[in-house]
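Take 1 as the starting number for the sequence shown in the UniProt record's numbering and just add one per residue.
Idealized CB from N, CA, C, for every residue including glycine.
Note that the coordinates shown come from a computational prediction; the quantities given were computed from them, not determined experimentally.
Some notes on the structure that comes next.
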Amino acid sequence: MIQYGKQHISQDDIDAVVSVLKSDFLTQGPQVPLFESRLSQFTQAKYAIAVNSATSALHIACLALGVGKGDRVWTSPITFVASANCALYCDASVDFVDVEMASGRIDVDKLRLKLTWAKEHGCLPKVVIPVHLAGHSCDMKAIALLSKEYGFKVIEDASHCIGARYRESPVGSCQYSDITVFSFHPVKIITTAEGGAATTNDAALAKSMQLLRSHGVTRSNFIEKHTDEPWYYEQQALGFNYRMTEIQAVLGVSQFDKLEQFVSKRHAIAAYYAEKMLELGVSFVSPYEGDYSSWHLMIILLPEHVDRGFAFHQLRAAGIGVNVHYIPVHTQPYYQKCGFKVGDFPIAEAFYKRIVTLPLHPQLEKKQLDFIIEQLTLVICKKVRIADIYSSSGRVRSNVA
1 MIQYGKQHIS
11 QDDIDAVVSV
21 LKSDFLTQGP
31 QVPLFESRLS
41 QFTQAKYAIA
51 VNSATSALHI
61 ACLALGVGKG
71 DRVWTSPITF
81 VASANCALYC
91 DASVDFVDVE
101 MASGRIDVDK
111 LRLKLTWAKE
121 HGCLPKVVIP
131 VHLAGHSCDM
141 KAIALLSKEY
151 GFKVIEDASH
161 CIGARYRESP
171 VGSCQYSDIT
181 VFSFHPVKII
191 TTAEGGAATT
201 NDAALAKSMQ
211 LLRSHGVTRS
221 NFIEKHTDEP
231 WYYEQQALGF
241 NYRMTEIQAV
251 LGVSQFDKLE
261 QFVSKRHAIA
271 AYYAEKMLEL
281 GVSFVSPYEG
291 DYSSWHLMII
301 LLPEHVDRGF
311 AFHQLRAAGI
321 GVNVHYIPVH
331 TQPYYQKCGF
341 KVGDFPIAEA
351 FYKRIVTLPL
361 HPQLEKKQLD
371 FIIEQLTLVI
381 CKKVRIADIY
391 SSSGRVRSNV
401 A
């Protein structure tokens with residue numbers, strides 16, 4: 001199976017991890033601060049806070065911004081559920097802003113209209129979480145201008161976006177946001193196995209997130225005066241065990257050395273796909289003009305005459321690990337119990353029905369790309385029939401014409 005995403009682990013990465021396994025620290029040692037320093041330097045943000053997942057980063061980002069009971073958080077329905085769940089963890093309510101059909105990202109015009117309505121009805125959001133889909137940034141300058149006008153804070157969900165740039169600034173610089181969150185899951189651009197981080201330029205937010213990721217406990221900046229007791233520590237907040245381990249961090253430090261190489265390779269693969277998609281007349285999710293994507297995913301929008309379920313099964317049967325990013329969050333059973341329903345965000349739903357994610361990672365070879373394009377062409381040109389992909393038992397067969 002040609003996987004849609006895959007980590008790239010070199011001997012240097014393995015040697016780095018082994019060095020930590022042989023060291024005195026498996027957790028709470030020097031590698032996490034080093035990883036944070038590399039991330040801060042790369043993104044040009046003043047502070048970076050490493051944690052055990054992007055979900056944890058989203059959670060403490062909301063808490064640091066004071067999200068709590070009675071507050072509202074808005075995000076995109078085209079995202080992984082964590083982008084919305086983080087607000088519920090804080091006992092806040094969640095709502096969504098519909099997306100652009102072409103990009104799958106928050107539609108700024110719809111956001112403006114919804115904010116106008118919310119202001120009139122006294123229900124403005126405390127935080128908006130734009131999601132940078134597939135490695136492509138949202139229109140952050142426009143969102144930042146709205147944040148100033150309507151008084152909300154901004155958390156960029158840049159889980160897909162390490163290595164990307166928005167208007168010549170690295171994604172994560174927080175030029176247009178309060179906090180940016182990254183993921184280092186194995187299918188992302190670089191990996192720490194599991195892991196995430198938040199960047200910010202605000203010292204108070206950084207201090208709050210640092211406290212929250214480790215039980216709310218500190219060994220410095222004491223409220224009580226116990227400077228003569230070297231064993232002393234204080235719990236100053238109700239925090240969590242969201243720490244990143246030394247093993248994860250050293251892998252991340254090693255991976256950082258290859259980040260630009262990985263992104264460059266992804267660009268080459270995306271350009272090859274783009275050329276073939278244009279020949280097929282197939283549209284795909286791409287960055288806005290002038291932005292530099294990290295190309296985490298190649299999301300195509302199938303022509304309307306092609307049944308997505310048929311295409312998905314046929315490509316999988318051919319050994320191509322296609323996927324779908326994402327099922328709209330508001331249609332999930334849990335969120336329907338919260339009061340959302342199908343039809344609430346029609347563009348997100350229409351986008352979802354047409355999308356398929358093709359394999360995109362640095363280890364793909366040209367012959368694999370050509371095979372993917374060949375099989376996709378057969379599906380789009382209807383050289384297979386829907387009935388042909390099922391045996392009499394209902395199991396998928398691989399019999400591409």
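TODO: Examine the ligand NAD and report whether any of its heavy atoms sits within less than 7 Å of the Cβ of residue 202.
DONE: The model depicted lacks the ligand NAD and carries no ligand whatsoever.
TODO: In the DSSP assignment, find the alpha helix (DSSP H) that holds residue 191 and state where it starts and stops.
DONE: Note, residue 191: premise wrong, no alpha helix (DSSP H); not H, not E.
TODO: Return the residue from the list 196, 358 and 161 that minimises the CA-CA distance to residue 135.
DONE: 161
Task: Short Cβ contact (8 Å threshold) for residue 182 with residue 144 - done: no
Open item on the list: Going residue by residue through the stretch 335-365, where are the continuous beta strand (DSSP E) segments of at least 3 residues, counting only ones entirely within it?
Closed with: 355-358
- [ ] Select from 274, 23 and 78 the residue whose C-alpha is nearest the C-alpha of residue 283.
- [x] 274
Task: Cα-Cα separation, residue 221 to residue 19 - done: 33 Å
Task: Beta-carbon proximity of residue 125 to residue 106, cut-off 8 Å - done: no
Open item on the list: Taking the alpha carbon of residue 355 as the reference point, which residue from 64, 322 and 331 has its own alpha carbon closest?
Closed with: 322
Open item on the list: For residue 97 and residue 104, I'd like the C-alpha separation in whole angstroms.
Closed with: 11 Å
Task: Nearest-angstrom Cα separation, counted from residue 237 out to residue 1 - done: 47 Å
Task: Best match in 44, 85, 122 and 212 for proximity to residue 165 [C-alpha to C-alpha] - done: 44
- [ ] In angstroms with no decimal places, state the Cα-to-Cα distance between residue 15 and residue 329.
- [x] 40 Å
Open item on the list: My assumption, with CB atoms under 8 Å, is that residue 219 sits in contact with residue 243. Please give the rounded CB distance.
Closed with: Actually they are not in contact, since the Cβ atoms of residue 219 and residue 243 sit about 14 Å apart, beyond 8 Å.
Task: Candidates 292, 302 and 287, of which the one nearest residue 264 by Cα - done: 292
Task: Environment of residue 41 [buried if 16+ CB atoms lie within 10 Å] - done: exposed
Task: Start-to-end residues for the beta strand (DSSP E) that takes in residue 196 - done: 196-200
Task: Close beta carbons around residue 360, own chain, < 8 Å, minus the five adjacent residues each side - done: 4, 5, 266, 269, 270, 273, 295, 296, 297 and 298
Task: Cβ-based neighbour list, residue 100, same chain, cut-off 6 Å, excluding 5 preceding and 5 following - done: 107
Open item on the list: Which residue wins for smallest C-alpha separation from residue 277, given the options 148, 184 and 381?
Closed with: 381
- [ ] Assign residue 230 to one of two classes, buried (16 or more other C-beta atoms within 10 Å of its C-beta) or exposed (fewer than that).
- [x] exposed
TODO: Could you tell me the distance, in whole angstroms, from the CA atom of residue 336 to the CA atom of residue 73?
DONE: 17 Å
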